[in-house]
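Chains S and E, in that order, give the protein sequences.
Taken in order, the first sequence gives residues 1 to 253; the numbers are from the UniProt record's numbering.
Taken in order, the second sequence gives residues 1 to 247; the numbers are from the UniProt record's numbering.
Beta carbons are placed, not taken as given, at the ideal position from N, Cα and C, and that holds for glycine.
For reference, the structure discussed in these notes is given below.
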Amino acid sequence: MLTGTFKFNHTALTLLSLLMLLGIWQLAAGLANSPTLPYPARVALVFWQATQSGELPYHLGVTLLRLVVSFSIAMVLGCAIGVTLGNNKTLDAFFDHWLVIFLNIPALVTIILCYVWFGLAESAAILAVVINKLPNVIVTIREGTRALDKDLLEMAESYRFDRKKTFLHVIWPQLHPFVMAATRSGLALIWKIILVVELLGRSNGMGYQLHLFFQLFDVASLLAYTFAFVAVIQLIEWLLLRPLDRKALRWRR
Amino acid sequence: MNDITISIQDKTYRSRHVDDRQHQAIADLQLGVGRNEFVCLLGPSGCGKTTLLNMIAGLDSHYQGQIRIGSQAATAKIGYVFQNPRLLPWYTVRQNIEVVFAQTPPTALIDSLLADMQLSDVQQVYPERLSLGMQRRVAIIRAFAINPDILLMDEPFVSLDAPSARQVRNLLYSLWQQRPHTVLFVSHDLREAIALADRLIFLSPPPMRIVSDIPVHIPRDLRNDETQIEAFRERLLSEHPAINGLL
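Put into structure tokens, the structure is as follows:
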């Protein structure tokens, strides 16, 4: 009760924090007085115009589509390979070296090689993203598979669960937190890689547009696209990932 | 005719410790269990009782010998109450029981079992919110509900306080009398074993073999009588002094 007067509720705090950031930006723009640091109002206007013209939604949509496709491929493949390696010590020992090598190849190298070997095509772009993301998923899911509760697997076996039933009722709920972790880190990683992929070899998408704005020194557009980008990531977190977490973890104490 | 016929020549496993030595768990074990017989296995801890139950349940097939269950082992329904409850934490009490059925779960039977075990009120609760004693009772219901051909129980009352253990034991006993089936029950509590079993099998430290095989002749309706149990226990220990060293 004593600290009650100083305690903001969560929404007020969020609002205040964002306003503060906006204030600092406004101030800095005033001091700099340069086209390379436009005022927030100018960026908002550009954002509105780009949305109206359909240009921003188009490029954002293209990037999102690439994200969904490459993310899905990486997750499905990564889960399958991760579960296999987690279950098989010999295979795991064999492929572990491959994983370490792939984990340490810089994203840029994979992207360049994919374009060099397979041409500046859509499939090469998707492949580059998948190759960058796949080792991470494999490593995370492999950890999850190794941590599976042997007692529960024995229970399932003694009660004659078939493979499908064991996976659905015993294995999947235990893998779920690892899949969520792979999803979160994966989205963050893919967002960043996909822009470089587009910048280097595509003629649409966010990365292509950002490259264009860089050449034109159009900072206002650059910032407008960036905010649209950040907003979409937050929306995915709020509308998709959080509800999934809540649903899967309601049994925890 | 036997319901379970166990004939094991050798069960050896490699120690997981650094020494990498071979440990012989079972050297030569011949045991037949009749239909609807309630058999208690007693022996020092670490003598391989759990290993034996796992072999019967089909969880461990790395041994030389044969375990025959009924006419066809592969299709025999086995209810296994493990030493720890092994409930799926992401399912409620009721879901934990229903999940073991391949077809539609028998609602009425589960209802009555929950009522018998005094768990009707918590059937929608997640196991981690329950006491260990309640979790054990859920595990027992799960094993009973499938109407098993064989019920394997691995010290299901261990770490329960004496009154709860007695309560769950009585419940188990009345359930078994209502729906008799073959039971293999591992225990280290001689009184408990005498109160429940038709036969007591005393096992040696590894490599495991049968030391003695003693029928319990106390009539079923006198099993709740402490003096009967105590009298049997004293006679048993005086007639078979070797048993003392195994408990």
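Problem set entry | Contact list for P38/S against chain E, beta-carbon separation under 8 Å | Those within 8 Å of P38/S in chain E number zero; the least Cβ separation is about 51 Å.
Exercise. What do you get for R142/E, buried or exposed, if any count of 16 or more other CB atoms within 10 angstroms of its CB means buried?
Worked result: Taking every protein chain shown into account, the CB of R142/E has 16 or more other CB atoms within 10 angstroms, so this residue is buried.
Exercise. Hey, is V232/S's beta-carbon within less than 8 Å of any beta-carbon in chain E?
Worked result: Answer no: the Cβ-Cβ gap between V232/S and chain E never drops below 8 Å.
Problem set entry | Collapsed DSSP secondary structure at L2/S in the structure displayed | Bear in mind that a pLDDT of 48 at L2/S, under 50, signals an unreliable position, so the number given afterwards is only what the model happens to contain. Coil, per DSSP.
For this session: Would you please state the rounded distance, in angstroms, between the beta carbons of L42/E and L203/E? I believe it to be under 8 Å.
Result: 7 Å
Problem set entry | Buried or exposed by the 16-neighbour rule on C-beta atoms within 10 Å, applied to A231/E | Burial call: exposed.
Exercise. In three-state terms, what does DSSP make of T104/E?
Worked result: Assigned with DSSP and collapsed to three states, T104/E falls in coil, not helix or strand.
Problem set entry | Within chain S, partners of A57/E - CB distance below 9 Å | E154, E157 and S158
Exercise. Near A248/S, what residues of its chain come up, given a Cβ to Cβ distance below 6 Å and the 5 sequence neighbours on each side ignored?
Worked result: H176
Exercise. Is the CB-CB distance between A128/S and T110/S below 8 Å?
Worked result: yes
For this session: Pull up the distance between the alpha-carbon of P243/S and that of I236/S, whole angstroms please.
Result: It is roughly 10 Å from the alpha-carbon of P243/S to the alpha-carbon of I236/S.
Problem set entry | Length at least 4, wholly inside the region 31 to 61 of chain S: the alpha helix (DSSP H) runs in chain order | 40 to 53
Problem set entry | Inter-residue CB distance, A228/S and P38/S (contact presumed, cutoff 8 Å) | Actually they do not touch by this definition, with Cβ atoms about 16 Å apart.
Exercise. Would you call T3/S buried or exposed, if buried means 16 or more other Cβ atoms sit within 10 Å of its Cβ?
Worked result: Reliability of the predicted coordinates at T3/S is poor, the pLDDT of 48 falling under 50, and the value obtained from them is presented with this limitation in mind. Per the 10 Å Cβ criterion, exposed.
Exercise. With C-beta atoms as the reference, is I81/S less than 8 Å away from I138/S?
Worked result: yes
Problem set entry | Cutoff 8 Å; reference P106/E; Cβ partners in own chain excluding five residues on either side | A145
Problem set entry | V168/E beta carbon less than 8 Å from that of W176/E | The beta carbons of W176/E and V168/E sit no closer together than 8 Å.
Exercise. Does V158/E get closer than 8 Å to chain S when you measure Cβ to Cβ?
Worked result: no
Exercise. Are P85/E and W251/S closer than 8 Å when you measure CB to CB?
Worked result: no
For this session: Please state whether DSSP places G34/E in a helix, a strand or coil.
Result: strand
Exercise. Are the C-beta of I4/E and some C-beta of chain S separated by less than 8 Å?
Worked result: no
Exercise. Is there at least one Cβ from chain S nearer than 8 Å to F144/E's Cβ?
Worked result: Output row for F144/E: interface = no.
For this session: Flag P106/E as yes if its beta-carbon sits less than 8 Å from any beta-carbon of chain S, otherwise no.
Result: Not an interface residue.
For this session: From the DSSP output, in three-state form, read off P241/E for me.
Result: helix
For this session: Mind listing the chain S neighbours of residue 259/E? Cutoff is C-beta to C-beta under 7 Å, in chain order.
Result: This structure cannot settle anything about residue 259/E, because the visible part of chain E is limited to 1 through 247.
Problem set entry | Close-in-space but distant-in-sequence residues of the same chain around M206/S (CB under 7 Å, 5 per side omitted) | H59, L60, T63, L195, E198, Y225 and F229
For this session: Mind checking the region 157 to 187 of chain E against chain S and listing, in chain order, the residues whose C-beta falls within less than 7 Å of any C-beta there?
Result: none
Exercise. So which residues of chain S does N84/E contact, with C-beta pairs closer than 9 Å?
Worked result: Within chain S, the C-beta atoms nearer than 9 Å to that of N84/E come from D151, in chain order.
Exercise. What are the boundary residues of the beta strand (DSSP E) that I25/E is part of?
Worked result: What sits at residue 25/E in the sequence shown is Ala, not Ile. Element bounds for A25/E: Q22 to I26.
Exercise. Helix, strand or coil for W238/S per DSSP?
Worked result: In this structure, W238/S counts as helix in the three-state DSSP scheme.
For this session: Please confirm whether S187/E and C40/E have their CB atoms less than 8 Å apart.
Result: yes
Problem set entry | Selected residue, minimal CA-CA separation from F38/E, among H217/E, P206/E, P215/E and A197/E | A197/E
Exercise. For I218/E, does the three-state DSSP call read helix, strand or coil?
Worked result: Looking at I218/E - three-state DSSP - the assignment turns out to be coil, as it is neither helix nor strand.
For this session: Determine the direct distance from the alpha carbon of P40/S to that of W25/S, and round the result to whole angstroms.
Result: 7 Å
Exercise. Closer than 8 Å, CB to CB, is W98/S near chain E or not?
Worked result: no
Exercise. Looking at C47/E and M153/E, is the spacing between their C-beta atoms short of 8 Å?
Worked result: No.
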